[in-house]
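Chains as they are written, first to last, in our numbering: chain A, 1 to 150; chain B, 151 to 300.
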DNA sequence: ATAACACCTAAACCTGACTTTAAGTCAAGC
DNA sequence: GCTTGACTTAAAGTCAGGTTTAGGTGTTAT
């Protein structure tokens, strides 16, 4: 059993945030002894799941709904599984988008590296043709074409 | 030259957001004809960069600082480059973290898949040893050990 | 026994990124 | 000439996710 201060140290999460999570129902049925929160292994595991779901893009309210499902027992296994499958798909999509962003960042790094060397941005396009890996060239095209409808 | 409504359609960004960006100084020296904003290719490219920097985790104020650098001309090439290098490193770190989160999500998918099949969560640990790819087993260890100091 | 410290609550406050509202301008079509 | 639709502004409102504050309790070290 851990005090809120101890858990705060262990996870690097402010005490105020842990209390806020509790208030939002993220630690259902947490024990207390004379009013004081007692974090057990169950709450620590909850906290690990919270950090994971949060990082996967879920809001506090949605995480709370997951905790409610846990409280329902075995009947919610399939819903819980569906939740994690959904998060997995969402995260994979997000990572794909980040690859795109990373390609633009790399292009911009190259661009300013070149501009710095040349002293000007004039005519950088002309330097492009073969000096960059294909995935960045592709991005260059995207970045400088007229934008498409969305 | 494009109207704000046209740009909104092209980029899928609300008109109110474009005006907000303008107010925050993200389109320095944008042209106007009798009060009405005129988006040129320069503003469209700015918008592409804004979306990229935003996706890389920069705040509106930080993006504004970048736009100010652009206004300074060639003297800021190296600072601009440093900015993009920093964003690139940050994004790469973030993606590494997301890989970790993804491993936990995959583990949880497996976990509830198994629980659903077994009808209970009892004894799932025992099923673990060789049924999962190593990167998930590693995560299972992380998830069930006592947490470390941070 | 008194100070220090960790804990408690409720409620107010904060920040970032927008969005909405209210009131007005302006050009084009009927 | 008047309505319609796209534009304008400043200011207020919204939402999530906390953080801070004010006032109080309970245990421990000097």
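Glycine included, C-beta positions come from ideal geometry on N, C-alpha and C.
How about residue i and residue j: are their beta carbons less than 9 Å apart?
{"i": "residue 206 (chain B)", "j": "residue 240 (chain B)", "result": "yes"}
{"i": "residue 187 (chain B)", "j": "residue 169 (chain B)", "result": "yes"}
{"i": "residue 190 (chain B)", "j": "residue 201 (chain B)", "result": "no"}
{"i": "residue 106 (chain A)", "j": "residue 229 (chain B)", "result": "no"}
{"i": "residue 177 (chain B)", "j": "residue 217 (chain B)", "result": "yes"}
{"i": "residue 227 (chain B)", "j": "residue 115 (chain A)", "result": "yes"}
{"i": "residue 7 (chain A)", "j": "residue 44 (chain A)", "result": "yes"}
{"i": "residue 1 (chain A)", "j": "residue 248 (chain B)", "result": "no"}
{"i": "residue 29 (chain A)", "j": "residue 71 (chain A)", "result": "yes"}
So, is the C-beta of residue i closer than 9 Å to a C-beta in chain A?
{"i": "residue 278 (chain B)", "result": "no"}
{"i": "residue 248 (chain B)", "result": "yes"}
{"i": "residue 224 (chain B)", "result": "yes"}
From the DSSP output, in three-state form, read off residue i for me.
{"i": "residue 7 (chain A)", "result": "helix"}
{"i": "residue 268 (chain B)", "result": "helix"}
{"i": "residue 27 (chain A)", "result": "coil"}
{"i": "residue 16 (chain A)", "result": "helix"}
{"i": "residue 228 (chain B)", "result": "helix"}
{"i": "residue 295 (chain B)", "result": "Note that residue 295 (chain B) has pLDDT 42, beneath the 50 cutoff, so the model's placement of it is unreliable and the number below is only indicative. Coil at residue 295 (chain B), not helix or strand."}
Does any C-beta atom of chain B lie closer than 9 Å to the C-beta of residue i?
{"i": "residue 78 (chain A)", "result": "yes"}
{"i": "residue 49 (chain A)", "result": "yes"}
{"i": "residue 171 (chain A)", "result": "The first residue shown for chain A is 1 and the last is 150, placing residue 171 (chain A) beyond what the model contains."}
{"i": "residue 95 (chain A)", "result": "yes"}
{"i": "residue 14 (chain A)", "result": "no"}
{"i": "residue 55 (chain A)", "result": "yes"}
{"i": "residue 1 (chain A)", "result": "no"}
Which whole-angstrom value describes the C-beta separation of residue i and residue j, a residue pair presumed to lie in contact below a C-beta threshold of 8 Å?
{"i": "residue 81 (chain A)", "j": "residue 262 (chain B)", "result": "4 Å"}
{"i": "residue 84 (chain A)", "j": "residue 173 (chain B)", "result": "Their Cβ separation, rounded to whole angstroms, is 41 Å, which puts residue 84 (chain A) and residue 173 (chain B) out of contact at 8 Å."}
{"i": "residue 95 (chain A)", "j": "residue 245 (chain B)", "result": "6 Å"}
{"i": "residue 119 (chain A)", "j": "residue 224 (chain B)", "result": "6 Å"}
>> Please list, in chain order, the residues of the segment 101-124 of chain A that have any C-beta partner in chain B closer than 7 Å.
In response: 101, 102, 104, 105, 106, 108, 109, 112, 113, 115, 116, 119 and 120
>> Taking beta-carbon pairs under 9 Å, can you tell me which members of the segment 20-44 of chain A lie near chain B?
In response: 41 and 44
> Going along the segment 80-93 of chain A in order, which residues come within less than 8 Å of chain B, judged by CB to CB distance?
Replying inline: 80, 81, 84, 85, 87, 88, 91 and 92
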